[in-house]
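K.L.:
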Amino acid sequence: MKKITYFIAAFAMLTATSCSDFLDPENKGAGEYPDASEYFETPEGLKAFHANAFTYLRSLATAHEINDDGTDLYEPCRGQSPSVFHNFSLSSETSGVESYYTACTKLINNANGLIKYAAGKNDTYVAEGKFLRALGYYYMTQHFGSVPYVGAYIESSTREYPKTPLEEIYTNVEKDLTEVIASSVPESSTDGSVNKRAARALLAKVYLAHGWDINTTVTDAAAGTYSVTSKEYFSKAAAMAEDALNGMTLTQSFTQKWNPSNDATNPETFFAVQYNRATYPGDLTEGGHELCNYYCHYYGSGMKTSTSNKSLNTRSLAMWEKGDERWDGTFMTTVYNFDKAVADWSKAGYYAYYNNEVNKNNLHVWMYFAPTYVTRAEFEAYLTAHKAQFVKTADDANVPHANLLLNGQILRYEFTADGSFKQPTITNQDLSTNNKGTTLEVAPCVKKYDDPATPNAGKTNSYTNIPLLHASEVYLTAAEAYYMAGEEGKAWEKINEVRNRAKAPNLNNNLANYDVDVKFSSNFTLLNLILDERARETYAELTRWIDLRRTKQLVRYNVAYNQFIHSVADMSNLEGEIKWYRPIPETEISSNTALSQEDQNPGY
Numbered sequence: 030m031k032k033i034t035y036f037i038a039a040f041a042m043l044t045a046t047s048c049s050d051f052l053d054p055e056n057k058g059a060g061e062y063p064d065a066s067e068y069f070e071t072p073e074g075l076k077a078f079h080a081n082a083f084t085y086l087r088s089l090a091t092a093h094e095i096n097d098d099g100t101d102l103y104e105p106c107r108g109q110s111p112s113v114f115h116n117f118s119l120s121s122e123t124s125g126v127e128s129y130y131t132a133c134t135k136l137i138n139n140a141n142g143l144i145k146y147a148a149g150k151n152d153t154y155v156a157e158g159k160f161l162r163a164l165g166y167y168y169m170t171q172h173f174g175s176v177p178y179v180g181a182y183i184e185s186s187t188r189e190y191p192k193t194p195l196e197e198i199y200t201n202v203e204k205d206l207t208e209v210i211a212s213s214v215p216e217s218s219t220d221g222s223v224n225k226r227a228a229r230a231l232l233a234k235v236y237l238a239h240g241w242d243i244n245t246t247v248t249d250a251a252a253g254t255y256s257v258t259s260k261e262y263f264s265k266a267a268a269m270a271e272d273a274l275n276g277m278t279l280t281q282s283f284t285q286k287w288n289p290s291n292d293a294t295n296p297e298t299f300f301a302v303q304y305n306r307a308t309y310p311g312d313l314t315e316g317g318h319e320l321c322n323y324y325c326h327y328y329g330s331g332m333k334t335s336t337s338n339k340s341l342n343t344r345s346l347a348m349w350e351k352g353d354e355r356w357d358g359t360f361m362t363t364v365y366n367f368d369k370a371v372a373d374w375s376k377a378g379y380y381a382y383y384n385n386e387v388n389k390n391n392l393h394v395w396m397y398f399a400p401t402y403v404t405r406a407e408f409e410a411y412l413t414a415h416k417a418q419f420v421k422t423a424d425d426a427n428v429p430h431a432n433l434l435l436n437g438q439i440l441r442y443e444f445t446a447d448g449s450f451k452q453p454t455i456t457n458q459d460l461s462t463n464n465k466g467t468t469l470e471v472a473p474c475v476k477k478y479d480d481p482a483t484p485n486a487g488k489t490n491s492y493t494n495i496p497l498l499h500a501s502e503v504y505l506t507a508a509e510a511y512y513m514a515g516e517e518g519k520a521w522e523k524i525n526e527v528r529n530r531a532k533a534p535n536l537n538n539n540l541a542n543y544d545v546d547v548k549f550s551s552n553f554t555l556l557n558l559i560l561d562e563r564a565r566e567t568y569a570e571l572t573r574w575i576d577l578r579r580t581k582q583l584v585r586y587n588v589a590y591n592q593f594i595h596s597v598a599d600m601s602n603l604e605g606e607i608k609w610y611r612p613i614p615e616t617e618i619s620s621n622t623a624l625s626q627e628d629q630n631p632g633y
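Using the working numbering, read the sequence shown as starting at 30 and increasing by one per residue.
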């Protein structure tokens with residue numbers, strides 16, 4: 030499958046009536062298209078069903094609130110209120126919970142439909158259906174725990190699907206992925222099609238989750254401690270991650286990995302949700318995704334649109350080590366001024382970084398951000414060396430400034446007419462409060478999802494692919510699995526591969542050499558370092574809540590770093606049950622005759 034094909038409105042209407050929602054089926058014997066099943070039995074119909082099944086991934090790949098709010102890394106800014114996910118006040122009627130649950134079930138049921146209609150006709154489609162079903166259940170189990178497992182396409186009005194034990198779901202998913210690996214799908218691909226490498230990477234994650242959820246028990250949630258009863262699935266996860274990597278080394282730079290020009294053929298991307306500006310038939314301002322508009326502050330004229338949501342918090346700003354290229358590879362640390370004299374808006378302002386062919390050292394700078402490890406002397410030397418870029422002309426839309434994030438303070442520099450810096454003002458001593466409550470541009474934005482071809486500054490304009498499985502994340506899956514299997518030496522090997530590519534300092538396999546301002550002063554283990562590496566390597570990739578929940582660190586990290594959480598009680602109900610999972614949606618409980626309130630997850 031190259032890019033996901035965009036279908037005409039007639040087919041969209043057909044799939045709306047024929048591809049039933051999981052647990053909300055429609056009778057296929059009635060309706061406007063009573064012969065829909067016959068259509069999907071045809072080669073043309075099967076091909077259409079296959080392509081349509083992949084579209085349900087988009088809702089899951091862009092569900093940023095449920096995946097990243099309520100963690101240690103992100104917060105709203107400019108006076109935005111926290112989401113119910115941030116402060117753990119969500120309920121079974123929270124719309125974001127219901128929409129995510131529904132998106133998972135749609136993906137699963139359409140995967141089941143693909144398996145049904147392709148059986149005996151297209152073995153590759155059957156394997157792809159099994160992969161999509163496995164992915165859907167992986168996401169469901171990570172957020173909801175035990176859910177109904179349905180392995181057949183729902184075409185009747187039956188609404189009786191009891192919860193399936195979590196371990197049984199994991200076993201079913203592992204069987205699906207094992208069969209995908211043994212199937213006719215290609216060994217690898219970069220075009221968004223299911224492949225064996227992606228199946229191995231996902232299976233490694235499933236084994237890892239299986240080990241944590243079935244074979245570990247929390248002993249102290251506040252301290253993040255746990256006991257382990259078996260290492261079997263951790264060893265399986267490590268072995269499968271190695272199989273997925275198959276000796277792959279991280280040879281390209283982190284910046285090149287996330288360069289938009291590398292989007293379509295990136296060798297490190299094992300599986301991604303696909304977008305294609307060239308083939309989208311409708312309004313281009315509505316057919317992409319808007320992840321590029323999140324994970325940032327507000328910037329103003331000539332810059333990309335911002336939702337003022339998921340800006341960096343104190344921990345995110347201070348967790349970078351000297352020399353680590355992931356700081357500049359993740360964030361837009363230099364933003365050029367918007368030149369009102371330039372007719373092509375994309376060659377000035379924010380997108381000049383990608384689209385202006387001139388020497389960037391000749392462009393005027395509006396904002397510059399330095400990481401916390403830079404000293405004041407180093408920062409001021411940089412400003413002096415680049416003073417010509419901080420001159421404001423009559424055509425420059427914004428007043429230049431530079432921000433030094435130092436010792437929990439923000440030093441904001443402005444400039445004289447010749448570009449010399451003035452004495453800085455300390456805008457705030459609390460980065461979290463500053464990010465939340467002011468209009469100062471105190472934090473850089475994530476650039477991982479930037480689309481240089483964006484025609485204007487509106488939303489849903491990014492047509493970059495969204496990687497779901499990629500090489501460096503698999504390295505960290507292997508590291509975590511090795512650690513939990515008791516093989517710390519091998520865990521360090523994987524950590525070092527990731528850090529070496531980023532040019533982070535050599536720790537010599539010793540946690541005592543790890544020096545960042547934001548780490549636990551006691552009980553800091555190799556698992557905590559792995560979570561820090563995940564934070565840096567996969568920042569803004571919608572994985573953080575799952576990572577913290579899986580590793581039993583959700584409470585510890587939120588109490589320490591989430592400004593909206595102050596104690597375990599803030600993450601618990603009145604009975605003291607911690608909200609380790611999301612609530613089963615009320616609509617699911619009320620419409621499924623096999624479920625009752627007794628099936629609700631603890632904490633709700």
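All C-beta atoms, glycine included, are put in the ideal place defined by N, C-alpha and C.
Since the model is a prediction, treat every value here as computed from it, not as a measurement.
Three-state secondary structure (DSSP) at E319?
P.N.:
For this step, residue 319 is matched to residue 290 along the sequence shown. Correct three-state label for E319: coil.
K.L.:
Going by Cα to Cα distance, which pick from S259, S345 and Y411 is closest to T363?
P.N.:
Residue numbering aside, residue 363 sits at position 334 when the sequence shown is read from its first letter. Measuring from the Cα of T363, the nearest candidate turns out to be Y411.
K.L.:
When you compare the CB of S118 with every CB in chain C, is at least one pair closer than 8 Å?
P.N.:
No chain C appears in this structure, which consists of one protein chain only.
K.L.:
How would you write the range of the alpha helix (DSSP H) that Q629 sits in, first residue to last?
P.N.:
In the sequence shown, the residue the question calls residue 629 occupies position 600. Element bounds for Q629: n/a, residue is neither H nor E.
K.L.:
Taking C-alpha atoms, which residue in Y586, D205, L206 and V179 lies nearest to T193?
P.N.:
Position 164 of the sequence shown holds residue 193. For the residues Y586, D205, L206 and V179, the minimum Cα distance to T193 belongs to V179.
K.L.:
Near I95, what residues of its chain come up, given a Cβ to Cβ distance below 8 Å and the 5 sequence neighbours on each side ignored?
P.N.:
As a working mapping, residue 95 is identified with position 66 in the sequence shown. Excluding residues within five positions, the ones whose Cβ falls inside 8 Å are F114, G125, V126, Y129, H172, W574 and R611.
K.L.:
Cβ of P496 within 8 Å of Cβ of A301?
P.N.:
Within the sequence shown, numbered from 1, the residue matching residue 496 stands at position 467. Within the sequence shown, numbered from 1, the residue matching residue 301 stands at position 272. Yes, the Cβ-Cβ distance between P496 and A301 is below 8 Å.
K.L.:
Leaving aside the five residues before and after Y365 along the sequence, list all residues of the same chain whose C-beta is less than 8 Å from its C-beta, in chain order.
P.N.:
Here residue 365 corresponds to residue number 336 of the sequence shown, with the count starting at 1. Correct list, in chain order: A377, G378, Y379, A381, Y382, N385, K389, L392, H393, V394 and W395.
K.L.:
Are T248 and S256 close, meaning C-beta to C-beta below 8 Å?
P.N.:
Start at 1 with the first residue of the sequence shown, and residue 248 comes out as number 219. Start at 1 with the first residue of the sequence shown, and residue 256 comes out as number 227. A contact, by the Cβ cut-off of 8 Å.
K.L.:
Relative to the C-alpha of A533, which candidate in K150, G358 and A423 has its C-alpha closest?
P.N.:
For this step, residue 533 is matched to residue 504 along the sequence shown. Per the Cα distances, G358.
K.L.:
For the pair the region 470-479 and the region 508-520, tell me if three or more CB-CB distances fall below 8 Å.
P.N.:
With a cut-off of 8 Å, the region 508-520 and the region 470-479 do not count as touching, because too few Cβ pairs lie within range.
K.L.:
Considering only residues of the same chain and omitting the five flanking positions on each side of S625, which have a CB-CB separation below 8 Å?
P.N.:
On the sequence shown, residue 625 is found 596 positions in, with the first residue counted as 1. If we look at S625 and ignore the five residues flanking it on each side, its Cβ neighbours are I618.
K.L.:
Does the region 523-530 come within contact of the region 504-514, defined as at least 3 CB pairs closer than 8 Å?
P.N.:
Because the criterion of three Cβ pairs below 8 Å is met, the region 523-530 and the region 504-514 touch.
K.L.:
Would you tell me roughly how many angstroms separate the C-alpha atoms of N138 and V155, rounded to the nearest one?
P.N.:
One-based indexing of the sequence shown puts residue 138 at position 109. One-based indexing of the sequence shown puts residue 155 at position 126. Between N138 and V155, the C-alpha separation is close to 13 Å.
K.L.:
Say whether the region 231-248 touches the region 257-277, bearing in mind that this needs 3 or more beta-carbon pairs closer than 8 Å, one atom from each stretch.
P.N.:
Result yes; three or more Cβ-Cβ pairs closer than 8 Å.
K.L.:
Taking the alpha carbon of D101 as the point to measure from, which residue in A623, G108, D561 and Y590 has its own alpha carbon closest?
P.N.:
Along the sequence shown, read from residue 1 onward, the residue named residue 101 stands at position 72. Among A623, G108, D561 and Y590, the Cα nearest to that of D101 belongs to Y590.
K.L.:
Return the chain-ordered list of same chain residues with a C-beta closer than 8 Å to the C-beta of P289, the five sequence neighbours on each side being excluded.
P.N.:
The residue given as residue 289 occupies position 260 in the sequence shown. So the list reads Y383, D479, D480, P481 and T493, once near-sequence residues are dropped.
K.L.:
Per DSSP, Q438 is paired with what?
P.N.:
Start at 1 with the first residue of the sequence shown, and residue 438 comes out as number 409. In the DSSP output, where bridge partners are listed per residue, Q438 has L435.
K.L.:
Over what stretch of residues does the alpha helix (DSSP H) that includes I137 continue unbroken?
P.N.:
Reading the sequence shown from its first residue, position 108 is the one you call residue 137. From DSSP, the alpha helix (DSSP H) with I137 extends over S124 to A147.
K.L.:
Compute the distance between the beta-carbons of Y166 and L231, then report whether it is under 8 Å.
P.N.:
Start at 1 with the first residue of the sequence shown, and residue 166 comes out as number 137. Start at 1 with the first residue of the sequence shown, and residue 231 comes out as number 202. Contact flag unset, no.
K.L.:
Pull up the DSSP beta-bridge partners for A482, would you.
P.N.:
Stepping through the sequence shown from its first residue, residue 482 is reached at position 453. DSSP output for A482 lists no bridge partner at all.
K.L.:
At the level of alpha carbons, what is the spacing between P215 and F367?
P.N.:
Here residue 215 refers to the residue found at position 186 when the sequence shown is read from its first residue. Here residue 367 refers to the residue found at position 338 when the sequence shown is read from its first residue. So the alpha carbons of these two residues sit roughly 46 Å apart.
K.L.:
What would DSSP say about L231, mapped onto helix, strand or coil?
P.N.:
Along the sequence shown, one-based indexing puts residue 231 at 202. Three-state DSSP puts L231 in a helix.
K.L.:
Which value, in whole angstroms, describes the spacing of the CA atoms of E197 and P177?
P.N.:
One-based indexing of the sequence shown puts residue 197 at position 168. One-based indexing of the sequence shown puts residue 177 at position 148. Using only the alpha carbons, I get a separation of about 11 Å.
K.L.:
Apart from the five residues on each side of it in sequence, which residues of its chain come closer than 8 Å, Cβ to Cβ, to T246?
P.N.:
For the purposes of this step, residue 246 is taken as residue 217 along the sequence shown, with counting starting at 1. Result list for T246: Y255, S256 and T258, in chain order.
K.L.:
Output needed for I210: all residues of its chain with C-beta closer than 8 Å, excluding positions within five of it in sequence on either side, in chain order.
P.N.:
Translated into positions along the sequence shown, residue 210 becomes position 181. Around I210: K225, A228, R229 and L232.
K.L.:
Cβ of L161 within 8 Å of Cβ of A90?
P.N.:
Here residue 161 is taken as the residue at index 132 of the sequence shown, counted from 1. Here residue 90 is taken as the residue at index 61 of the sequence shown, counted from 1. In this structure, A90 does not lie closer than 8 Å to L161 by Cβ.
K.L.:
In the DSSP output, which residue or residues are listed as bridge partners for I455?
P.N.:
Taking the sequence shown and counting its residues from 1, one reaches residue 455 at position 426. In DSSP, I455 forms a bridge with L440.
K.L.:
Scan the region 484-532 and note each continuous beta strand (DSSP E) run of 3 residues or more that stays entirely inside, going in chain order.
P.N.:
The region 484-532 contains these whole beta strand (DSSP E) runs: 495-499.
K.L.:
In or out: D544 buried (at least 16 other Cβ within 10 Å) or exposed?
P.N.:
Position 515 of the sequence shown, counted from the first residue, corresponds to residue 544. The residue is exposed, with fewer than 16 neighbouring Cβ atoms inside 10 Å.
K.L.:
At what residues does the beta strand (DSSP E) containing V428 begin and finish?
P.N.:
The residue you call residue 428 lines up with position 399 of the sequence shown. Neither: V428 is in no beta strand (DSSP E) and is coded neither H nor E.
K.L.:
By alpha-carbon positions, which one of A598, L571 and G632 ends up nearest to A92?
P.N.:
One-based indexing of the sequence shown puts residue 92 at position 63. Of the listed residues, the one whose Cα sits closest to A92 is L571.
K.L.:
Any chance you could list the alpha helix (DSSP H) runs of at least 4 consecutive residues sitting entirely within the region 202-250, in chain order?
P.N.:
Here the runs fully enclosed are 225-244.
K.L.:
Please tell me whether V304 and A569 are closer than 8 Å, where the distance is taken between their beta carbons.
P.N.:
Here residue 304 is taken as the residue at index 275 of the sequence shown, counted from 1. Here residue 569 is taken as the residue at index 540 of the sequence shown, counted from 1. Checking the displayed sequence, the identity of residue 304 turns out to be Tyr instead of Val. No, the Cβ-Cβ distance between Y304 and A569 is not below 8 Å.
K.L.:
If I follow the unbroken beta strand (DSSP E) through V257, where does it start and stop?
P.N.:
Stepping through the sequence shown from its first residue, residue 257 is reached at position 228. Its beta strand (DSSP E) spans residues T254 to V257.
K.L.:
Can you tell me where the beta strand (DSSP E) with F299 in it begins and where it stops?
P.N.:
Here residue 299 is taken as the residue at index 270 of the sequence shown, counted from 1. Its beta strand (DSSP E) spans residues T298 to V302.
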